[in-house]
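Report on the structure given below.
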Amino acid sequence: MNRRFPYLLDLALLVTRIAVGVVFLAHGWSKVSGGGTAAGFEKMGVPLPAVSAFYATWVEVLGGIALIVGLAVPIAGVLLFLDMLGAFVLVHAGNGIFVSDGGFELVLVLGVSALLLAAAGSGKFGVDELWRSRRADRQSVSA
């Protein structure tokens with residue numbers, strides 16, 4: 001990518017993973033600690049509110065942690081994208097763009113960020129890369 005700064009993309013992925021992961025983790029944890037998520041989803045007309053609340057809560061908590069440490073980022077990214085797609089379609093799309101009006105700006109940015117991370121992976125500064133490099137080292141030693 002950049003010959004002068006070869007790790008610039010990996011550093012950008014790290015910063016993005018941490019920032020997006022922290023936001024997802026905070027939102028998921030607020031669902032865990034606050035309770036009433038299923039009831040809130042029911043009021044908003046979300047189908048299968050108990051199942052949807054369980055999915056949203058634990059995908060945001062576990063997916064946020066996965067992004068932060070760089071573990072299974074493609075899988076976590078897709079699951080978080082689907083979470084935000086559901087939030088967009090079922091709750092926020094009809095409210096305009098601004099969060100202050102119940103709009104979709106936050107779910108749009110989080111969803112697109114999660115999708116980008118799913119496509120890009122963890123970069124060099126994540127658990128995924130650590131495991132990949134160790135596996136490659138073992139294979140080269142055994143070959």
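Numbering (UniProt numbering), first residue to last: 1 to 143. All C-beta atoms in this analysis are idealised placements derived from N, C-alpha and C, irrespective of residue type, glycine included.
For Phe98, which of helix, strand or coil comes out of DSSP? As a position in the sequence shown, residue 98 is number 98, starting the count at 1. Looking at Phe98 - three-state DSSP - the assignment turns out to be coil, as it is neither helix nor strand.
Quick check: the Cα distance between Pro74 and Ala66, rounded to an integer number of angstroms? If you number the sequence shown from 1, residue 74 lands on position 74. If you number the sequence shown from 1, residue 66 lands on position 66. Taking the straight line joining both Cα atoms gives about 10 Å.
Taking the alpha carbon of Leu14 as the reference point, which residue from Ser52, Thr57 and Glu129 has its own alpha carbon closest? Position 14 of the sequence shown, counted from the start, is the residue given in the question as residue 14. Ranking Ser52, Thr57 and Glu129 by Cα distance to Leu14 puts Glu129 first.
Please state the DSSP three-state secondary structure of Phe24. On the sequence shown, residue 24 is found 24 positions in, with the first residue counted as 1. In the three-state DSSP reduction, Phe24 falls in the helix class (H, G or I).
So, is Asp137 buried or exposed, given that buried needs 16 or more other C-beta atoms within 10 angstroms? Within the sequence shown, residue 137 is the residue found at index 137, counting from 1. Of the residues assessed, Asp137 falls on the exposed side of the cut-off, its CB having fewer than 16 other CB atoms within 10 angstroms.
My assumption, with CB atoms under 8 Å, is that Leu80 sits in contact with Val107. Please give the rounded CB distance. As a position in the sequence shown, residue 80 is number 80, starting the count at 1. As a position in the sequence shown, residue 107 is number 107, starting the count at 1. At roughly 11 Å, the Cβ-Cβ gap does not stay under 8 Å, so Leu80 and Val107 are not in contact.
Given that a residue counts as buried once 16 or more other Cβ atoms are within 10 Å of its Cβ, and exposed if not, what is Gly96? As a first step, residue 96 is located in the sequence shown; it is residue number 96 there, counting from the start. Result: exposed.
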